[in-house]
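In what follows, a single structure is set out as structure tokens and then discussed.
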Amino acid sequence: MPKLLIVENDAFAGNFMYKSLESYGFSCVSLADSAPFAMRILRQTNPDVALIDIELGGGPNGIDLARAFRKVKASIGIVFLTSIVDPRLIDLKGLELPDGSIYLSKSSVTDITEISESLQESINLAKTNALPCIVKHQDSSLNLTKGQFELIRLIAEGLSNKEIARTKFVTLKSTENSIARLAKKLDLKDTNTNSQRVLIAKRYFQMIGKV
Amino acid sequence: MVSVISRITSFPNFRIFLAETIMQLVGLSAVYAFWVSTARALTRFDKDQLTRVQIMVIGAIGGLLMAGSQSLLSWIFDVSLQLSFTMRAIGNVVVAAFWLPLQSVVVGNFRRYAKLKREVRTEILQQESVQFARSRALEEYRRKIEEGIQDSLKLTTSQAHSLFESLKSKGSQRLPEYLRVISDEYFRLTAHKMDSKIKIRQPKFANLRGNFTNFRLAVLESVMTRPLNPGWFATVIVVTIIVPLTAKAEYILIPEIALATGLSTFLVQGTLLKSFKFIKKRQIMATLLATTGSIAIPIFIARLIPNNDPKLGNHIAYLVVVITVTCLGHIAQAGILKESELREAAINDLTELRGTEKEQNAEFSKITRDWAKYIHGNYTTKLEAAALAIETAISTDYTEATEQAIREVEKTLKLDSTRSLSNPQILLDEVQDRCTNWQGLIQINIQSQVRSEISVVASIRDVGDCVEEAILNAVRHGDCTLVEIEIEEKELHLSLVVTNDGVGFSNKPQGFGSSIYEEATRGDWKLWRDEKSKRTILELNFAKS
Numbered sequence: 000m001p002k003l004l005i006v007e008n009d010a011f012a013g014n015f016m017y018k019s020l021e022s023y024g025f026s027c028v029s030l031a032d033s034a035p036f037a038m039r040i041l042r043q044t045n046p047d048v049a050l051i052d053i054e055l056g057g058g059p060n061g062i063d064l065a066r067a068f069r070k071v072k073a074s075i076g077i078v079f080l081t082s083i084v085d086p087r088l089i090d091l092k093g094l095e096l097p098d099g100s101i102y103l104s105k106s107s108v109t110d111i112t113e114i115s116e117s118l119q120e121s122i123n124l125a126k127t128n129a130l131p132c133i134v135k136h137q138d139s140s141l142n143l144t145k146g147q148f149e150l151i152r153l154i155a156e157g158l159s160n161k162e163i164a165r166t167k168f169v170t171l172k173s174t175e176n177s178i179a180r181l182a183k184k185l186d187l188k189d190t191n192t193n194s195q196r197v198l199i200a201k202r203y204f205q206m207i208g209k210v
Numbered sequence: 000m001v002s003v004i005s006r007i008t009s010f011p012n013f014r015i016f017l018a019e020t021i022m023q024l025v026g027l028s029a030v031y032a033f034w035v036s037t038a039r040a041l042t043r044f045d046k047d048q049l050t051r052v053q054i055m056v057i058g059a060i061g062g063l064l065m066a067g068s069q070s071l072l073s074w075i076f077d078v079s080l081q082l083s084f085t086m087r088a089i090g091n092v093v094v095a096a097f098w099l100p101l102q103s104v105v106v107g108n109f110r111r112y113a114k115l116k117r118e119v120r121t122e123i124l125q126q127e128s129v130q131f132a133r134s135r136a137l138e139e140y141r142r143k144i145e146e147g148i149q150d151s152l153k154l155t156t157s158q159a160h161s162l163f164e165s166l167k168s169k170g171s172q173r174l175p176e177y178l179r180v181i182s183d184e185y186f187r188l189t190a191h192k193m194d195s196k197i198k199i200r201q202p203k204f205a206n207l208r209g210n211f212t213n214f215r216l217a218v219l220e221s222v223m224t225r226p227l228n229p230g231w232f233a234t235v236i237v238v239t240i241i242v243p244l245t246a247k248a249e250y251i252l253i254p255e256i257a258l259a260t261g262l263s264t265f266l267v268q269g270t271l272l273k274s275f276k277f278i279k280k281r282q283i284m285a286t287l288l289a290t291t292g293s294i295a296i297p298i299f300i301a302r303l304i305p306n307n308d309p310k311l312g313n314h315i316a317y318l319v320v321v322i323t324v325t326c327l328g329h330i331a332q333a334g335i336l337k338e339s340e341l342r343e344a345a346i347n348d349l350t351e352l353r354g355t356e357k358e359q360n361a362e363f364s365k366i367t368r369d370w371a372k373y374i375h376g377n378y379t380t381k382l383e384a385a386a387l388a389i390e391t392a393i394s395t396d397y398t399e400a401t402e403q404a405i406r407e408v409e410k411t412l413k414l415d416s417t418r419s420l421s422n423p424q425i426l427l428d429e430v431q432d433r434c435t436n437w438q439g440l441i442q443i444n445i446q447s448q449v450r451s452e453i454s455v456v457a458s459i460r461d462v463g464d465c466v467e468e469a470i471l472n473a474v475r476h477g478d479c480t481l482v483e484i485e486i487e488e489k490e491l492h493l494s495l496v497v498t499n500d501g502v503g504f505s506n507k508p509q510g511f512g513s514s515i516y517e518e519a520t521r522g523d524w525k526l527w528r529d530e531k532s533k534r535t536i537l538e539l540n541f542a543k544s
């Protein structure tokens, strides 16, 4: 039975997956709710595959953790299970998701079988790590550019146009135009009652499963 | 009775019987003593496998010891045995050379397993205590404050809740330290409890989980931890009497019997406890066949060989069979277990050895009653002192003191949360707090040379944000393994230097990170790569106010 390490800081979700995946033929070595604990368990139990939530609270996120896992054990299978529908919404700061990993959005998973199959698939992928991360059920309707994904995230983080311009090293005018284009693509209209920025932020939080 | 004794003593081969019995006992004792001392020495082996040379040397010494002790007694008693002295000695040496090292490996496995159990127990307890403390501490803190405040000061639920939330957010840098204290205390108490549980050596069926490694180790434990239990000892005595009487099965291997006894005890317990669902049938069958086969087959073969058979071929054939069966038996039973297998087995075993939830809660309540007093001695910030004063006042039902402490809290809360840091301990705690989540992924060393109060224009949060951003960049962009943080007071500013062993960068990084440094230090920061030491260095200077 493949040994599985689950990294999830939501105790309910974590315990649910722990119990469910055991019945699917996995030997669950532990449920870790933080990066340091997960690293310790990894070194102790040498799991074959890890199911990782991306948002782990403060400090390293699940992607940082996955990269650290791969340094300890290069052939460990990695499956990300997260509420963020698209990895492009994550502030990766130029990083790539680990090769040979699988990205699953919670909202697109309808059956625990799919998680089980993805875990098995990731074990095979991790043997060579030849393929980039596989994003399952990627929402093709999210037809945004990389820059627009970053912009939507910065707006949701509460930055003003001026702060965004400074962060991206562009002019204020350029930023305002970019936001207008983004709103248009998202089909969001600025009305008297609904601020466009609020709507953009709201859409972002919907995409990452917070709303 | 006299007639029975005289009948026994007039038994034709009574002298041989007596000699054989004594020789077997002495030989066994010698072998057992050697076995135990070898096992002790083997605990020093942390390698996954013994080398072939080590195994053969152990076997040769054991064989010589056994053959020598038996031969010496044969010579003393001047007993004319059925087999020639030479053949007997050669046979014992050859057999021992093969089975004794394997037995040593079996014992070595157990010793390493026992040692790993102790290490793993400490690790598990530490993890559990931190997790437990983290999940409970906040809850307890909230409950005690809210209940106490509500009852004593007649605040509404929402007012009490609001006050608690303010306390939590403003004093958040204190919380990890609270948790550490509680988890340390819990760990200390739980470790004491675990010690008493672990002394119970009886293998737990519930821990086996169908894992063959655990099964083998459980059988080992049942043998090794009770070597002088009556059952085992009785078996040895009986066999040493039966062996001379049969006068043919001198090649019975006593360690086999020890394992068989342990296995039998183990299986009987399993039957009584009805816990066989945890063990796979094939594991039981394999071990049964291996153990009994290595005893029964030599006896059976020995009976086929006529007395005083001078044919060398028969003896050699007999030896080959004994050796082959014994080796197969040991390989099936023992094997050389890897460190990782033993560790996994220890973790599986120990995760069941916990107190009940009721016991844990009781212990934790005791700890939380004392934690405030403990913390108060170490930290003197206004907010913590006020919060602790509330707790103390509530517990002593001193309303006036509680109201005064609440006013102190409100006054502190009205201060700008981005106030200048002044207490060096706060600064260090903030930095440590931000590093906590990265521990394990990378190594972080923190050194502070700030001893006295210092006033700078940046806030605690700004400094913390800078530290966290620096670590994040070092890990994500630098792919580092080590981060060193030095905090030093200079003439005009507070210097915070973050060094990492990552790959560096091509030019000054652009992005959100550098803007954090820019704002916090008001532009007084620099980042460079020292090619000589292969280190990337970030220096942040916070001007004194």
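Residue numbers (numbering that gives the first Met the number 0), protein chains in the order written: chain A, 0 to 210; chain B, 0 to 544.
C-beta: ideal position from N, C-alpha, C; glycine also.
- The Cβ atoms of Pro46 of chain A and Lys2 of chain A lie closer than 7 Å to each other.
- One finds Pro59, Asp63, Arg66, Ala67 in chain A with Cβ atoms closer than 9 Å to the Cβ of Val474 of chain B, taken in chain order.
- Here Asp529 of chain B carries a strand assignment [DSSP, helix/strand/coil].
- Look at Gly439 of chain B: its C-beta is under 7 Å from a C-beta on chain A.
- In this model, Arg202 of chain A and Arg165 of chain A are separated by some 23 Å (Cα to Cα).
- Within the DSSP secondary-structure output, His492 of chain B pairs in a beta bridge with B:Ala542.
- The C-beta of Arg42 of chain A has fewer than 16 other C-beta atoms within 10 Å across all chains shown, which makes the residue exposed.
- Annotation: the continuous beta strand (DSSP E) that includes Gly76 of chain A extends over 76 to 81.
- Contact annotation: Gly157 of chain A and Asn128 of chain A have beta-carbon atoms that are not nearer than 7 Å.
- In this structure, the CA atom of Asp63 of chain A is about 34 Å from the CA atom of Lys489 of chain B.
- Contact annotation: Ile51 of chain A and Gly58 of chain A have beta-carbon atoms that are not nearer than 7 Å.
- For the pair Val455 of chain B and Lys543 of chain B, the CB atoms are nearer than the 7 Å cut-off.
- A direct Cα-Cα distance of roughly 25 Å separates Glu116 of chain A from Ile89 of chain A.
- Taking the beta carbon of Asn45 of chain A as reference, the chain B residues within 7 Å of it are Ser339, listed in sequence order.
- Taking CB atoms only, Thr112 of chain A has no neighbour in chain B less than 7 Å away.
- Your pair Asp523 of chain B and His492 of chain B checks out as a contact, with CB atoms roughly 7 Å apart and the cut at 8 Å.
- In terms of beta-carbon proximity, Asn499 of chain B stays away from the interface with chain A, with every pair separated by 7 Å or more.
- Chain-ordered, the chain A residues with CB closer than 7 Å to the CB of Arg342 of chain B read Gln43.
- Contacts between Glu488 of chain B and chain A, judged by CB atoms closer than 9 Å, are missing: the closest CB pair is about 27 Å apart.
- In this structure, A:Met38 is the residue among A:Thr81, A:Val84, A:Met38 with its C-alpha nearest to the C-alpha of Ala67 of chain A.
- Neighbours of Pro97 of chain A in chain B, taken as residues whose beta carbon is under 7 Å from its own, are absent, since the nearest beta carbon is some 13 Å off.
- Under the three-pair Cβ rule at 8 Å, the region 178 to 186 of chain A does not count as touching the region 105 to 116 of chain A.
- Ranked by how close their Cα comes to the Cα of Glu343 of chain B, the residues A:Ile40, A:Asn8, A:Met16, A:Phe11 have A:Ile40 in first place.
- According to the DSSP assignment, Asn444 of chain B belongs to the beta strand (DSSP E) that extends over 442 to 447.
- In the three-state scheme derived from DSSP, where H, G and I count as helix and E and B as strand, Ala179 of chain A is classed as helix.
- For Cys27 of chain A, there is no enclosing alpha helix (DSSP H); the residue is part of the beta strand (DSSP E) that begins and ends at 26 to 31.
- Linking Phe148 of chain A to Leu185 of chain A through their CA atoms gives a straight-line distance of about 11 Å.
- If the five residues before and after Cys434 of chain B are omitted, its C-beta is found closer than 6 Å to the C-beta atoms of Ile443, all from its own chain and listed in chain order.
- For the C-beta of Ser514 of chain B, the chain A residues within less than 7 Å are, from N- to C-terminus, Arg165, Thr166.
- For Ser104 of chain A, the uninterrupted beta strand (DSSP E) segment begins and ends at 101 to 104.
- Just so you know, the alpha carbons of Glu485 of chain B and Ser173 of chain A end up roughly 40 Å apart.
- In the DSSP assignment, Leu4 of chain A falls within the beta strand (DSSP E) that extends over 2 to 6.
- Annotation: Leu20 of chain A to Val78 of chain A spans about 13 Å, alpha carbon to alpha carbon.
- Residues of the region 5 to 20 of chain A with a Cβ closer than 9 Å to any Cβ of chain B, in chain order: Ala10.
- In terms of beta-carbon proximity, Pro35 of chain A lines the interface with chain B, with at least one pair separated by less than 7 Å.
- In the structure shown, Glu54 of chain A adopts coil according to DSSP, grouped into three states.
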